[in-house]
Structures are given as structure tokens and as C-alpha cells.
Amino acid sequence: MNIEEKLKLSQQSDCIYFFRERMFAQVYGVSLYLAATKLNLDLKVYCQQYKKLNNKKVLKAGISIPKLIGLFSDQLIVQSYGYQLRGNWQINLTQVIEWQKLQFTAIEQLRMMSALPNITEPNSSHLSNRKDKARLALAGKHSQDAWHLMLSEREYNYLKDWKKGKYPLSIDLSFIEKLSQKIASSRA
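Below you can see the structure in the form of C-alpha cells.
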């Protein structure tokens with residue numbers, strides 16, 4: 571199922587549509603809003619640009635399939651694309667749009683506060699509900715704590731071209747460990 575079809579289904583408020591992608595179920599649009607606000611699922615909200623949509627930025631989030639099944643096993647309807655959760659939710663489209671604007675704003679603020687500001691804009695950013703919102707709230711108070719990290723050309727290219735699954739997990743973990751050491755030594 572392509573992104574246009576996923577977004578079209580996700581605009582309906584009679585069901586929450588979970589689209590299976592490997593070990594996760596992704597939610598978009600009104601389904602994402604319902605999952606986050608009505609079901610109170612603790613989701614990481616991402617912003618991703620899609621070339622098929624003329625580089626339009628789209629909010630999405632994922633939940634592991636085992637966790638989803640554990641939470642709603644008796645209510646989930648299995649579909650070819652993933653899962654459907656029927657409900658009787660009443661929504662106000664204005665509230666959905668305002669919620670989405672807040673998510674986009676928070677993600678953009680996080681991107682701007684990033685410890686790696688010289689890297690080209692990522693295709694995907696995320697906002698982890700609790701930790702990142704707390705960081706944003708404190709950002710104004712601690713702006714003097716901002717710092718820059720110098721990257722080698724190799725590190726820069728690795729980060730710039732990184733995509734999930736492009737490198738073996740061992741390489742990703744090794745890079746993260748070296749980068750963590752570099753951050754720790756630069757902050758000392």
C-alpha cells in the first residue's frame with residue numbers, strides 16, 4: 571500500500587488504521603491523533619518528507635506489533651495492510667489540525683536545537699513525548715549551554731547518508747559509541 575492510500579484511510583475517524591511495516595505498526599493523520607489523544611498511547615511522533623507527495627511533510631508514529639496486540643488483542647481487526655481498531659470517537663477537525671501544527675512546531679524546534687546543527691536537514695525527525703517536550707520547555711532557560719561538535723568528513727557523510735537498515739547494526743552501534751565518546755570528551 572502506498573503512502574497516498576495510507577493517508578486517505580488514516581483521515582477517517584471511525585477506525586484507527588495501523589499499517590504493518592516489519593515489526594512495527596505505523597499510524598498517520600487522524601489515526602495518529604486518535605491513538606495519541608484518545609487511546610493515550612506513548613508514541614514517538616516523526617515528521618517525514620515524501621517525494622511522492624511533492625516533498626510534503628507527514629506526521630507518523632509507530633508502535634511495536636506485539637505491544638499493539640497485547641493492548642488491544644480482542645479489539646483489533648486483522649487486515650492485509652495491518653490492523654484496524656474500530657471506535658466511536660468524536661473529533662473536531664480543527665483540534666486535529668491544531669494538534670498536528672503543535673507536533674510540527676515541536677519537531678522543528680528539536681531539529682534546530684540539535685547537537686549536530688551543520689548536518690543537512692534530515693528526512694525524518696521525531697519527538698518523544700515526555701523527554702523531548704521537557705527539553706523544549708527548558709530550552710529557553712539553558713540556551714547558554716548550547717555547544718557545537720566538530721565532525722570529521724567521514725562522520726559527517728555517515729550521518730548525512732544514514733538510512734535505517736543501510737548499515738549492519740554492529741556498525742551503527744560502533745559509530746554511536748564513538749560519537750558518544752567524542753561528545754563526552756568535548757563537554758569535559
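In terms of the working numbering, the sequence shown opens at residue 571 and continues consecutively. Beta carbons: idealized from backbone N, C-alpha and C, even for Gly. Keep in mind that this is a model prediction, so the values were computed, not measured.
- Task: Following the continuous beta strand (DSSP E) through K576, name the residue where it begins and the one where it ends.
- Result: Position 6 of the sequence shown holds residue 576. K576 -> not in any beta strand (DSSP E); alpha helix (DSSP H) instead, spanning 573-580.
- Item | K564, enclosing alpha helix (DSSP H) - first and last residue | Here the chain has residues from 571 to 758 only, and residue 564 is not among them.
- Query: Between L629 and Y598, which are expected to be in contact by the criterion C-beta below 8 Å, what is the C-beta distance as a whole number of angstroms?
  - Reply: For the purposes of this step, residue 629 is taken as the residue at position 59 of the sequence shown. For the purposes of this step, residue 598 is taken as the residue at position 28 of the sequence shown. L629 to Y598, Cβ: 7 Å. Contact.
- For L609, which of L739, Q660, Q673 has the nearest alpha-carbon? Position 39 of the sequence shown, counted from the first residue, corresponds to residue 609. Considering only alpha carbons, the answer is Q660.
- Message: Does the structure place the region 578-598 close enough to the region 617-626 that three or more beta carbon pairs sit under 8 Å?
- Response: no
- Output yes or no for whether 8 Å exceeds the beta carbon distance between L719 and I746. The count along the sequence shown starts at 1 and reaches residue 719 at position 149. The count along the sequence shown starts at 1 and reaches residue 746 at position 176. In this structure, I746 does not lie closer than 8 Å to L719 by Cβ.
- Message: I need the straight-line Cα distance from Q665 to F589, nearest angstrom please.
- Response: Position 95 of the sequence shown, counted from the start, is the residue given in the question as residue 665. Position 19 of the sequence shown, counted from the start, is the residue given in the question as residue 589. So the two alpha carbons sit approximately 24 Å from each other.
- Task: Identify every run of the beta strand (DSSP E) within the region 594-655, keeping only runs that are complete inside it and at least 3 residues long; order them along the chain.
- Result: 594-598, 614-620, 626-634, 646-648
- Hey, how far is the Cα of F674 from the Cα of L602? Counting from 1 along the sequence shown, the entry for residue 674 is found at position 104. Counting from 1 along the sequence shown, the entry for residue 602 is found at position 32. Rounded to whole angstroms, F674 to L602 spans 13 Å at the Cα level.
- Item | Span separating the alpha-carbon of S650 from that of S755 | As a working note, residue 650 is residue 80 in the sequence shown. As a working note, residue 755 is residue 185 in the sequence shown. Cα-Cα distance, rounded: 50 Å.
- For K576, count neighbouring Cβ atoms within 10 angstroms of its own Cβ and tell me buried if that reaches 16, exposed if not. Start at 1 with the first residue of the sequence shown, and residue 576 comes out as number 6. By the neighbour-count rule (16 or more Cβ atoms within 10 Å), K576 is buried.
- Query: Looking at the structure shown, is R681 part of a helix, part of a strand, or coil, going by DSSP?
  - Reply: Taking the sequence shown and counting its residues from 1, the one referred to as residue 681 is at position 111. In this structure, R681 counts as helix in the three-state DSSP scheme.
- Task: Alpha carbon to alpha carbon, how far is K627 from S643? Give it in angstroms, no decimals.
- Result: As a working note, residue 643 is residue 73 in the sequence shown. As a working note, residue 627 is residue 57 in the sequence shown. Each residue's Cα considered, the two are about 32 Å apart.
- What residue from M593, N572, E591, V600 has the CA that sits closest to Q670's CA? Indexing the sequence shown from 1 puts residue 670 at position 100. Checked all of M593, N572, E591, V600; the closest Cα to Q670 is V600.
- On a CA-only basis, which of N625, D612, A605, P636 is nearest R592? Give me that one, please. As a position in the sequence shown, residue 592 is number 22, starting the count at 1. It is P636 whose Cα lies nearest to the Cα of R592.
- Task: Measure the CB-CB distance between G657 and C585 and report whether it falls below 8 Å.
- Result: As a working note, residue 657 is residue 87 in the sequence shown. As a working note, residue 585 is residue 15 in the sequence shown. Closer than 8 Å, so yes.
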